[in-house]
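Enquirer: Below is one structure. I have some questions about it.
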Amino acid sequence: MPRALGQSFWRDLGDLLGAVRRAMGVTLLNFLRKPVTVHYPEVKRVYPDRFRGVLALTYDKETGEENCIGCRLCEYICPPQVIKVEMLKAEKRNFAKTFTLELYACEFCELCVQVCPTDAIIMMKSFDLATSDRRELLLDKDRLHTIGLQFDPSWATGNGLRDMQTPPKAAPAEHAKAEAPAKTEGKAE
Numbered sequence: 045m046p047r048a049l050g051q052s053f054w055r056d057l058g059d060l061l062g063a064v065r066r067a068m069g070v071t072l073l074n075f076l077r078k079p080v081t082v083h084y085p086e087v088k089r090v091y092p093d094r095f096r097g098v099l100a101l102t103y104d105k106e107t108g109e110e111n112c113i114g115c116r117l118c119e120y121i122c123p124p125q126v127i128k129v130e131m132l133k134a135e136k137r138n139f140a141k142t143f144t145l146e147l148y149a150c151e152f153c154e155l156c157v158q159v160c161p162t163d164a165i166i167m168m169k170s171f172d173l174a175t176s177d178r179r180e181l182l183l184d185k186d187r188l189h190t191i192g193l194q195f196d197p198s199w200a201t202g203n204g205l206r207d208m209q210t211p212p213k214a215a216p217a218e219h220a221k222a223e224a225p226a227k228t229e230g231k232a233e
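Right under this line is the structure:
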């Protein structure tokens, strides 16, 4: 048997007004909250200390020489294989003849930074190298050095990361003293 027109109308109208009230409540709550977005080029966020941004190559500040010795450890450890290095052997030390990085495929995993023995490759607190041309994201050695000079380096240097991850070691004398009473207590029982 069909429902009466009056009952259905008032029930549907009540449901509609309840839904509108709930939706407007959500809108009002979100209107009163602090915004989660920023107007990016004008306003820039403060990045956390361990932010993983664009990669760069460094120079030795004292000698002016590049830090990269062309050991290719970064190339070997890179999961997507986006780093290509050719070594140039010299009399005193080796250098990277070519160093290319395909930034468009980089995972920013930081393994290359951690494995570098000379802190030649670092991560910057910047990500704003956006471009519409993919070829501009193929970075050569000169461009990577320019990026390193353009931005302040982040916390991410290989030696710094290794120091942070290595647990502190107890002195051998303290360790021996801690074991000595434990051995004597075991014999007394």
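Per the working numbering: the sequence shown = residues 45 to 233.
Glycine included, each C-beta is placed from N, C-alpha and C at the ideal position.
Because the structure is a prediction, the values reported are computed rather than measured.
Using C-beta distances below 6 angstroms, list every residue in its chain close to Leu-57, excluding the 5 sequence neighbours before and after it, in chain order.
Expert: Numbered from its first residue, the sequence shown carries residue 57 at position 13. Cβ within range, chain order: n/a, list empty.
Enquirer: If you scan the stretch 144-205 from start to end, which runs of the beta strand (DSSP E) of 3 or more residues do you find wholly inside it?
Expert: DSSP runs (the beta strand (DSSP E)) wholly in the stretch 144-205: 165-167.
Enquirer: What do you get for Gly-69, buried or exposed, if any count of 16 or more other CB atoms within 10 angstroms of its CB means buried?
Expert: For the purposes of this step, residue 69 is taken as the residue at position 25 of the sequence shown. Gly-69 should be labelled exposed.
Enquirer: Hey, would you say Cys-156 sits closer than 9 angstroms to Cys-118, going by beta carbons?
Expert: Locating residue 156 in the sequence shown gives position 112, counting from the first residue. Locating residue 118 in the sequence shown gives position 74, counting from the first residue. Closer than 9 angstroms, so yes.
Enquirer: Do you know how far the Cα of Met-167 is from the Cα of Arg-137?
Expert: Residue numbering aside, residue 137 sits at position 93 when the sequence shown is read from its first letter. Residue numbering aside, residue 167 sits at position 123 when the sequence shown is read from its first letter. Each residue's Cα considered, the two are about 24 angstroms apart.
Enquirer: Assign Lys-169 to buried or exposed, taking buried as 16 or more other Cβ atoms, counted over all protein chains shown, within 10 Å of its Cβ.
Expert: Numbered from its first residue, the sequence shown carries residue 169 at position 125. Buried, by the Cβ-count rule.
Enquirer: Whole angstroms are fine: how far does the CA of Lys-78 sit from the CA of Leu-60?
Expert: Translated into positions along the sequence shown, residue 60 becomes position 16. Translated into positions along the sequence shown, residue 78 becomes position 34. Answer to the nearest angstrom: the Cα atoms are 29 angstroms apart.
Enquirer: Rank His-189, Gln-194, Pro-212, Lys-213 by C-alpha distance to the C-alpha of Glu-109 and give the top, closest one.
Expert: For the purposes of this step, residue 109 is identified with residue 65 of the sequence shown, where counting begins at 1. When each option's Cα is compared against that of Glu-109, the closest is His-189.
Enquirer: What residues match up with Ala-134 in a beta bridge as DSSP calls it?
Expert: Position 90 of the sequence shown, counting from 1, holds the residue named residue 134. In DSSP, Ala-134 forms no bridge with anything.
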